[in-house]
Every structure is written in structure tokens, then in C-alpha cells.
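**Q** Once you've had a glance at the structure underneath, I'll fire off some questions.
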Amino acid sequence: MYRFFMANNLTFSIIKPDAVSRHITGKINSMIENAGFSIIAQKLIRITKEQAQKFYDVHQDKPFYEDLCNYISSGAVVVQVLKKENAVADYRKLMGATNPANAEEGTIRKKYAISIDQNSVHGSDAEDTAEREISFFFSKTELVGC
Ligand code: UDP
Ligand code: MG
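Here it is as C-alpha cells:
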């Protein structure tokens with residue numbers, strides 16, 4: 000893991016397989032950009048099961064861990080780094096609640112999520128998590144936007 004200056008300006012996002020397979024990456028990116036975020040790095044990848052298990056290791060004792068790792072590695076995803084003042088908190092707000100049934104109007108999950116497991120997007124939950132998650136998928140030289 001590498002460290003950033005001004006980490007509170009960056010967060011890590013995943014557009015999950017349910018959204019990529021429904022061809023709504025562009026619509027979600029529009030919501031992200033309309034909310035004032037800059038997408039400073041982005042790539043379409045397939046996460047391996049092993050990567051998923053590491054990435055989600057904080058959830059390893061949860062009943063949904065195995066299904067979550069299978070799901071996130073089941074198809075293409077878009078991983079991205081978003082920049083904005085208060086990026087972590089503001090992206091959590093834009094995503095909406097984990098369960099789309101509880102998500103507020105105007106949020107990505109309210110609009111696009113199918114269910115609590117196929118909930119279209121991931122966003123870091125704290126600044127130190129954002130650093131860990133960004134460095135999990137991106138090298139420093141890949142953060143090319145501004
Ligand atoms: N998840 C699930 N069932 C649950 C809770 C979570 O399938 O009961 C999945 C869901 O995809 C969620 C991810 O596990 O986005 C990580 O859970 P977390 O509590 O961190 O929610 P998030 O931070 O994504 O809102
Ligand atoms: Mg989380």
C-alpha cells in the first residue's frame with residue numbers, strides 16, 4: 000500500500016457486475032460527474048476470486064462473504080478513483096443505502112440497484128479504507144486525471 004497526500008479528496012469506487020452487464024456504466028458515471036466528482040482513474044477488469052477474498056477480507060466472518068466474493072468475480076467490473084472534496088462521505092451519500100429498498104431518492108442504488116447483493120456500486124467507507132482500496136487496484140502512475 001502507498002500513501003497519498005490529501006487522501007480525503009479521493010475515494011475508490013466499483014461499478015459492479017450487475018451494472019456493467021446491463022450497460023449502465025455511462026449512466027452511473029454521469030451521476031458521479033454531475034455530483035461534482037472527477038474520475039481520475041478508471042479501468043474495466045475482471046476481479047479474480049482470490050482478489051475478491053482479499054479485497055473483502057473485512058467481511059470474512061459474515062454470512063454473505065462467500066456469495067459476495069463469487070458475485071464480484073462473476074463478470075466485468077469498472078474500478079475507479081474519484082476525486083472531490085470530502086470524496087469518501089459524499090460518494091457514500093450518492094451511492095445510497097446498501098439495501099436499495101432503504102436508499103434515498105436520487106441515489107445510484109435507489110435508481111439502479113436490483114437487490115442488497117446486486118447493488119450496482121461499491122464505495123470506500125473511510126479515508127484509510129480508500130487508500131487501501133485504491134492501492135489494491137491502481138499503481139500511483141495510473142492516477143492520471145485531475
Ligand atoms: N452484502 C450482501 N448482503 C448483506 C450485506 C452486504 O450481499 O446482507 C454485500 C453488498 O453487495 C454490499 C457488500 O456486501 O455492498 C459489502 O457490504 P457493506 O456492509 O460493506 O455495504 P456497502 O459498504 O457496500 O454499502
Ligand atoms: Mg462497505
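As numbered in numbering that gives the first Met the number 0, residues 0 to 145 make up the sequence shown, in order.
Beta carbons: idealized from backbone N, C-alpha and C, even for Gly.
#1: Opposite A40 in the DSSP bridges: which residues?
#2: Return the first residue and the last residue of the alpha helix (DSSP H) that S134 is part of.
#3: Sort S29, E32, H58, V77 by Cα distance to I46 and report the nearest one.
#4: Output the distance between the C-alpha atoms of I113 and N98, rounded to the nearest integer angstrom.
#5: Hey, could you find the ends of the beta strand (DSSP E) L9 is sitting in?
#6: Alpha carbon to alpha carbon, how far is P16 from Y70? Give it in angstroms, no decimals.
#7: For H58, which three-state DSSP category applies?
**A** According to the structure shown:
#1: V80
#2: 126-136
#3: Comparing C-alpha distances from I46 to each of S29, E32, H58, V77 shows the shortest one belongs to V77.
#4: Between the alpha carbons of I113 and N98 lies a distance of about 9 Å.
#5: 9-14
#6: 8 Å
#7: helix
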